[in-house]
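> Oh and the sequence shown: position 532 is 556 in our numbering, straight run, nothing missing. The C-beta atom is built at its ideal place from N, Cα and C for all residues, glycine as well. Quick caveat, the model's predicted, so the values are computed rather than measured.
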Amino acid sequence: MGTATSSRTLTEAVPRNHLGRMLLTVVLAVIPVFALCLFAWSESSESLEILIRSNNYAAADSAASDLESKMSQRMIVAQTFASLPAVVNDVMRNDKEAARERLRTLVSNDPRINRAFIADAKGTMWSDFPFAPESQGVNFSGRDWYKGVSASWQPYVSRVYRRHAAPAPLLIAVAAPVKSPAGDVIGILVYQILLEALSDQFKDINVGSNGFVMVLDYAGTVAAHPRIDPQSKMHESFLSEDAVKRVGDSERATLEYRDPILAETMLATFQKVSIAGHDWIIIAQQPVAHAYAPLHALRWQILIAGILLAGCAGTLAVVLEHGRHRTRALNRDLATINVRLRNEMAQREQAQEALQRSKEELERRVEERTNQLRSKEEQLLQAQKMEAVGRLAGGVAHDFNNLLTAIMGFSELSLTDKTLPGHVRQYIEQVKVAGTRATDLTRQLLAFSRKQVLQPVTADLNAILRSTDKLLQRLIREDIDLVFVLAGELDPVYVDPGQMGLVLVNLVVNARDAMPRGGKIVIETANCLLDAKYAADHSEVTPGEYVMLAVSDTGTGMDKDTLSKIFEPFFTTKEVGKGTGLGLAMIHGIVKQSGGHIWAYSEPGKGSTFKVYLPRSLSEEPRQNAPEVLPAPMRGNETILLVEDEALVRDFATLALTSQGYTVLAASSAEMALELAHDYGPLVRLMVTDVVMPGMSGTELARKLTARFPGLRVLFMSGYTENAIVHHGVLANGINFLQKPLSATALCAKVRQVLDGANEQPKE
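1) Taking its Cβ as the centre, do 16 or more other Cβ atoms sit within 10 Å of Leu-127, making it buried, or is it exposed?
2) Taking the alpha carbon of Thr-278 as the reference point, which residue from Thr-360, Val-115, Asn-79 and Arg-490 has its own alpha carbon closest?
3) So for Gln-255, helix, strand or coil by DSSP?
4) Among Ala-768, Asp-520 and Asp-224, which has the Cα closest to the Cα of Asp-90?
5) Please classify Thr-245: is it buried, with 16 or more other beta-carbons within 10 angstroms of its beta-carbon, or exposed?
6) Determine the extent of the beta strand (DSSP E) in which Ala-770 is found, giving its start and end residues.
7) Any contact of the stretch 579 to 596 with the stretch 620 to 630, i.e. 3+ C-beta pairs under 8 angstroms?
8) Whole angstroms are fine: how far does the CA of Ala-375 sit from the CA of Ile-614?
9) Taking Cβ to Cβ, would you say Asp-152 is nearer than 8 angstroms to Arg-124?
10) Do you know offhand how far Ala-671's Cα is from Leu-707's?
11) Just grab the DSSP bridge partners of Glu-288 for me.
12) Taking the straight line between their C-alpha atoms, what separation do you get for Gln-160 and Asp-144?
13) Whole angstroms is fine: what's the gap from Trp-177's alpha carbon to Pro-201's?
14) Measure the alpha-carbon distance for Arg-270 versus Leu-263 and round it to whole angstroms.
15) In whole angstroms, what is the alpha-carbon distance linking Ala-556 and Tyr-637?
16) Taking the alpha-carbon positions, what's the His-302 to Val-198 distance?
17) So which of Gly-147, Arg-136, Leu-439 and Phe-141 has the shortest CA-CA distance to Leu-218?
18) Please give me, in chain order, every unbroken run of the beta strand (DSSP E) with length at least 3 that falls completely inside the stretch 101 to 145.
19) Check whether the stretch 496 to 503 and the stretch 535 to 547 touch, using three or more Cβ-Cβ pairs below 8 angstroms as the test.
20) Looking at Val-239: is its Cβ nearer than 8 angstroms to the Cβ of Ile-229?
21) Can you tell me the Cα-Cα spacing of Glu-724 and Leu-710, whole angstroms?
22) So, with DSSP's three-state summary, where would you put Gly-207?
23) Would you tell me roughly how many angstroms separate the C-alpha atoms of Glu-695 and Arg-674, rounded to the nearest one?
24) Can you look up Asn-163 in the DSSP assignment and give me helix, strand or coil?
25) Confirm, please, whether the CB-CB distance from Val-715 to Leu-739 is below 8 angstroms.
26) Return the Cβ separation of Gly-743 and Asn-426 in integer angstroms, given the expectation that the two are a contact with Cβ distance under 8 angstroms.
27) Report the partner residues of Ile-331 according to the DSSP bridge assignment.
28) Between Ile-452 and Leu-439, which are expected to be in contact by the criterion C-beta below 8 angstroms, what is the C-beta distance as a whole number of angstroms?
29) Is it true that the CB of Glu-275 sits closer than 8 angstroms to the CB of Lys-296?
30) Can you give the Cα-Cα distance for Ser-491 and Glu-662, rounded to whole angstroms?
31) According to the Cβ coordinates, are Phe-508 and Ala-574 closer than 8 angstroms?
32) Check whether the stretch 163 to 179 and the stretch 107 to 116 touch, using three or more Cβ-Cβ pairs below 8 angstroms as the test.
33) Measuring CA to CA, which of Gly-433, Lys-120 and Trp-169 is closest to Pro-154?
34) Taking only runs that begin and end inside the stretch 168 to 250, name each unbroken alpha helix (DSSP H) of 4 or more residues, in chain order.
35) Using the three-state DSSP reduction, which class does Glu-564 fall into: helix, strand or coil?
36) Using three-state DSSP, classify Asp-704 as helix, strand or coil.
The following block contains the structure:
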């Protein structure tokens, strides 16, 4: 009986020992799996969280750079306008109406400017546009803009405030002092920008899948917020005291806080931006739930994978432990199982290696994408810089056109007087030479700023190049070889032949100057295709078929730093007095205005290559090979109605036309022209009118008069390209147009052509 009991106890102990070993094996197998999952959890969570915060950093940096750049430009615009001699004279003469007209120009030229005014040095409203009677004579010395600008008499950007004049919107103000020639402060120019315009500047900047960028002024008031109506109320003291303390004196900080407007917890990056001596704050934020959603999803995936791997490991341990206790009859099966287990382990190692490779590939792609984004951002900043400088240069050139018309015109007319003493004639000829150079300079400025008037036609680029052969041979030296490599069956392009000839001449002259010891210049044309990859590397290029013009030289070449600046205005590598720095900037403007793209490659000591890509023309118009020669001016006896608000230009044009036998009815405004047309309408054969005038424009005047007098011909003249008859610098079809500045020869020739029904565009 005792023996039976001992045998039963031993039999029960064996399964217990077997179960204990099995559990120990399972535990030892599962622990490394969980350790690996925990490590993967920690590493991947940290990497993804860094990536999420980097997205906030990038958005905040981009918005901060944009805000600082735009506000700097606005202060420059304010200071430039306040320094105009005409504005200073208006303030010194206390001419409120003249000042209001100049303020009208400032407001009209920039849709983001809602209102502008001039106050005296003590902050009292003096003249404004639009006119607000309730603000006249009101002292605004308590306003932030006055306190800011009067502190140092430098341009200033105010905090958000509510305007005094109805309808009292929320806005910011940009102020600049108006100083007399002696340097005394005689007034303050102020223009106001609604918060809607500031909010629109940041609405396209994405922060994660559901985030956005907002702006606080230096007092903590919301200045831009894409998710609310900017005019609903003034959101002051936006940041809580706790959030302000957490940001502290840091230039940039990332933290979680509760947005008091949206009542939602946000992951936000706070970036300080210095505006006129005060710290404004950029907030790039996204809801915490959306920001960390990928992180939570990844953690769940790792957890599930860990559970599955642990289950597999535990099962494997059970099978192994159970296999050791099987009979020898199952040894063959155990060997097979062992082989299978080895295969599974190998696959597991391969999976780990694949996971590591995937991680490295992901890191490489993230780095590559980050570099691409930085490159795109640099291209965008460069384009904005070129656009801002171009706009300023174009505006300055436009202001000179009327003055140059008078200078050149009266000089030309004076030289027709045969009774002039010799020394006086010599002086006037020098004035005309200087005016001609100034005209060339303004045209270069207009070309660089893409505000010149183009007259494009469907043209054969090879024919244009051949027509310049003799000119180019005269421009280069005897120690330079000029070689043409022109493609057969070259596709047509839609360009202004004269401007393209100017592009070629400038490129060849630059190539000549780069070879002081002689060399070779190669001019080449070809049809080519710019694909999506090329367009991705050059953000301003649209993929498609192009015609290429290449100019290569064997000169001194340029380094990368010089190459990156060659298209900037007034940048030159030539000695002082031997170049304006506008040549390549002008070429860049002409090519861009023609819808094309220019690219340059150079290495020190290996020469340079400039490639101009022009879109292939799909038009079926007949090809134009080269600019046509214009007829000489012709006399006439017809009656001409001349409409020009600028007195100097009007007097010059009247004198030039009457000297050729025409009868001229001169009007200083559209209203005066309508009165003259009412009295002399049937006698008038041609109306010569400026396009941009106070009150009624030249185009509106032309529509009214041609409706009353169907046989009346119209010739427009203007020094400004952004108007109703010139779209993006391209002359509309069927329009007779003369670009300022103009000479007496060009004016009389064009008048004769229009009267005779000709369509050619005269040149000076």
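Quick answer:
1) Burial call: buried.
2) In terms of CA proximity to Thr-278, Asn-79 leads the group Thr-360, Val-115, Asn-79 and Arg-490.
3) In this structure, Gln-255 counts as coil in the three-state DSSP scheme.
4) Comparing Cα-Cα distances from Asp-90 to each of Ala-768, Asp-520 and Asp-224, the minimum goes to Asp-224.
5) Result: buried.
6) From DSSP, Ala-770 is part of no beta strand (DSSP E) but of the alpha helix (DSSP H) over 768 to 780.
7) Touching, per the Cβ criterion.
8) Take the alpha-carbon of Ile-614 and the one of Ala-375: they are about 58 angstroms apart.
9) Their beta carbons are under 8 angstroms apart, which means Asp-152 touches Arg-124 by this criterion.
10) Near 24 angstroms, if we compare the C-alpha coordinates of Leu-707 and Ala-671.
11) In the DSSP output, where bridge partners are listed per residue, Glu-288 has Asp-283.
12) The alpha-carbon atoms of Gln-160 and Asp-144 are separated by roughly 12 angstroms.
13) Those two C-alpha atoms are separated by around 6 angstroms.
14) Between the alpha carbons of Arg-270 and Leu-263 lies a distance of about 11 angstroms.
15) Going by the C-alpha atoms only, they are around 15 angstroms apart.
16) So the two alpha carbons sit approximately 14 angstroms from each other.
17) When only C-alpha atoms are compared, the closest one is Arg-136.
18) Qualifying beta strand (DSSP E) stretches, in chain order: 139 to 143.
19) Yes: the two stretches touch, three or more of their Cβ pairs being nearer than 8 angstroms.
20) When the beta-carbon positions are compared, Val-239 and Ile-229 stay at least 8 angstroms from each other.
21) Taking the straight line joining both Cα atoms gives about 16 angstroms.
22) Gly-207 falls in the coil class under three-state DSSP.
23) One Cα belongs to Glu-695, the other to Arg-674, and the distance between them is close to 16 angstroms.
24) Correct three-state label for Asn-163: strand.
25) With contacts defined as CB atoms closer than 8 angstroms, Leu-739 and Val-715 fail to qualify as a contacting pair.
26) Between Asn-426 and Gly-743 the Cβ distance is about 6 angstroms, and since that is below 8 angstroms, they are a contact.
27) Under DSSP, Ile-331 takes part in no beta bridge, so it has no partner.
28) Rounded, the Cβ-Cβ distance is 6 angstroms, consistent with contact.
29) Their beta carbons are under 8 angstroms apart, which means Lys-296 touches Glu-275 by this criterion.
30) A straight-line Cα-Cα distance of about 37 angstroms links Ser-491 and Glu-662.
31) Cβ atoms of Phe-508 and Ala-574: not closer than 8 angstroms.
32) Output reads no: the stretch 107 to 116 does not touch the stretch 163 to 179.
33) Pro-154 has its Cα closest to that of Lys-120, out of Gly-433, Lys-120 and Trp-169.
34) You should have 168 to 176 and 219 to 224.
35) Three-state DSSP puts Glu-564 in coil, outside helix and strand.
36) First, the residue type needs correcting, since residue 704 is Tyr and not Asp in the sequence shown. Helix, per DSSP.
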